[in-house]
Amino acid sequence: MGASVRAVVNPSSLSQSVHSVHSMPAGPNASDPLTAPDAGARSARRHPAGSKGSPLPVTIRGVRVAIISESFLPQVNGVTNSILRILEHLRAHGHQAVVLAPGDPAEAPRQYAGFPVITLSSVTWPGYPDVRVSTTPQWTLERYLNDFGPDVVHLASPFMIGYKGALAAATLGIPAVAIYQTDIPSYAGRYGLGHLEFYGWYRVRQIHSLVVATYAPSTYSRDQLVSHGVPRVGIWGRGVDKVRFDPQKRSPELRERWAPDGETIIGYMGRLATEKRVKDMAALRGIPGTRIVIIGHGPDREDLEREIPEAVFTGGLTGEDLPRALASMDIFCSTGELETFCQAVQEAKASGLPVISPRRGGPIDLIDPSRTGWLYEPGDMAEFRRHVQDLAGDPYKRAAMGRAARASIENRTWEHLCGELLEHYREAVRVGSLSSGAGSATGTQQLA
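Counting from 210, one number per residue, gives the positions in the sequence shown under this note's numbering.
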């Protein structure tokens, strides 16, 4: 199997790929492996049909993408939400896709956006029943990939099943891209398992050395990956639905229910878990004329209710309840220090809220200090409280920052970001088609 793995990452072809996607020709042409007239036939020859039947029909211009994810619906998180937007974009633009993810067959959907969803065998993570870890072997993934015949494999936040997916794609000679979204090694340290952090980074290097390219969501996470020896790292950000998340959805009725005395509403939205440091919201207790509102669910909820008894806990919100609640806040706080991106910050900005976050991780790219919010030193609760207190006492500053926050996301649409991702897919296929199978890539570099 080692020779097959090396075939995907030939260094001579990889060196040719380190350039901006903007330099690639636009539109279909004979040199583009995904849009050339024989693309479908070539894909079928490379990935012959398996025992479960022939691949789905291939359109001349269509891209065939197999998405292997650590999680999917009904679990709602940043990884799942990104996949949903990608699938919607692929459907709207005439491409083909399949999703392979662990889940409970009784709860998982069988399709999304018209694309099949294959539920992989899995077990629940001890103490965290919402998290499922796949037990599916590599050979099963190879069979699924052979059946579908993808042009490219998309590994969403790979670690457990993503590692097997990377091996399966490499064995079959299918180019793969990895979308880095979760800082799992640092999670180990946060949960008191610091001795596992070294192993975590070893596994991350293993996975990402097998793919054509890795895309981190922020400069911080890109630099972190490079510092730990991960090769061929570029940046692919995230879009935000500026129609769904809109300041106009602010609800006077909801505000009256939360803050009957007209208090300034300080909010958090996200998973209620140790790594999110939601307990830091307790540092904001007692700021005159304020009310703390916490949106989300997770294993730490009972502890948080004891620590911040006067706060409003809404539980998890979905549908229109979520953007309405977000727009009804005055100040948004993101307390996590392990965020590779933090989509909640983007959604808060789209909702017209100033945002306060630690100066670590993805929010560094998303918050313009003194213009769209504030960044504070991680762990400095006095600075955190001071920034919140400053905005709580100045409605004019809040309003100005909120307008600037909304303006800053106007061009960060999912349509634009998914268009970028398709170019990354095309580049991966181009590099895969150039690979000769001799040697393996070992260099660490950043993609332009």
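Where is the CB? At the ideal position from N, CA and C, for every residue including glycine.
Helix, strand or coil: how does DSSP classify residue i here?
i, result
"F593", "helix"
"V640", "helix"
"V502", "strand"
"Q305", "strand"
"V435", "helix"
"Q347", "helix"
"W467", "helix"
"W445", "coil"
"A245", "Reliability fails at A245, whose pLDDT of 42 lies under 50, so the model's placement of it is uncertain and the value that follows must be treated cautiously. Here A245 sits in coil by DSSP."
"Q284", "coil"
"M369", "coil"
"M538", "coil"
Look at the alpha carbon of residue i and the alpha carbon of residue j, and state the distance between them as a whole number of angstroms.
i, j, result
"T483", "I517", "15 Å"
"V272", "E472", "51 Å"
"S642", "V421", "11 Å"
"I501", "T423", "38 Å"
"A306", "E316", "21 Å"
"S291", "T622", "12 Å"
"V340", "W334", "5 Å"
"R300", "G495", "49 Å"
"L626", "R414", "26 Å"
"Y605", "W467", "22 Å"
"F522", "E514", "8 Å"
"M369", "S617", "36 Å"
"R533", "E462", "11 Å"
"R639", "V564", "40 Å"
"L350", "V342", "15 Å"
"P587", "V285", "27 Å"
"W445", "H298", "16 Å"
"L381", "G507", "39 Å"
"E511", "G371", "33 Å"
"D539", "G476", "8 Å"
"I295", "P346", "26 Å"
Just reading off the beta strand (DSSP E) that residue i is part of, what are its end residues?
i, result
"H298", "Not the beta strand (DSSP E): H298 falls in the alpha helix (DSSP H), residues 287-301."
"F522", "521-524"
"T391", "Unbroken run through T391: none, as it is neither H nor E."
"R273", "273-278"
Determine the closest residue to residue i out of the options, with distance taken between C-alpha atoms.
i, options, result
"P426", "R441, P461, I388, F454", "I388"
"C551", "V442, L531, R612, S430", "S430"
"L526", "D574, G479, F281, F324", "G479"
"M590", "Y408, A492, Q457, Y396", "A492"
"R612", "G448, V442, P456, D470", "P456"
"T344", "T289, Y396, G312", "G312"
Taking the Cβ atom as the reference point for each residue, do residue i and residue j lie within a distance shorter than 8 Å?
i, j, result
"V326", "Y634", "no"
"P572", "V554", "yes"
"L520", "I503", "Note on residue identity: the sequence assigns Ala, not Leu, to residue 520. A contact, by the Cβ cut-off of 8 Å."
"G498", "A601", "yes"
"R459", "A536", "yes"
"V582", "A614", "Per the sequence shown, residue 582 should be read as Gly rather than Val. Against a cut-off of 8 Å, the Cβ pair of A614 and G582 comes out as a contact."
"I277", "L364", "yes"
"D509", "L481", "yes"
"W410", "P384", "no"
"L329", "L309", "yes"
"P367", "A377", "no"
By the DSSP assignment, the alpha helix (DSSP H) with residue i in it spans what residues?
i, result
"F407", "406-418"
"T622", "Taken as a continuous stretch (DSSP letters only), T622 belongs to no alpha helix (DSSP H), as it is neither H nor E."
Does any CB atom of chain E fall closer than 8 Å to the CB of residue i?
i, result
"R568", "Protein chains in the displayed structure number just one, and chain E is not present."
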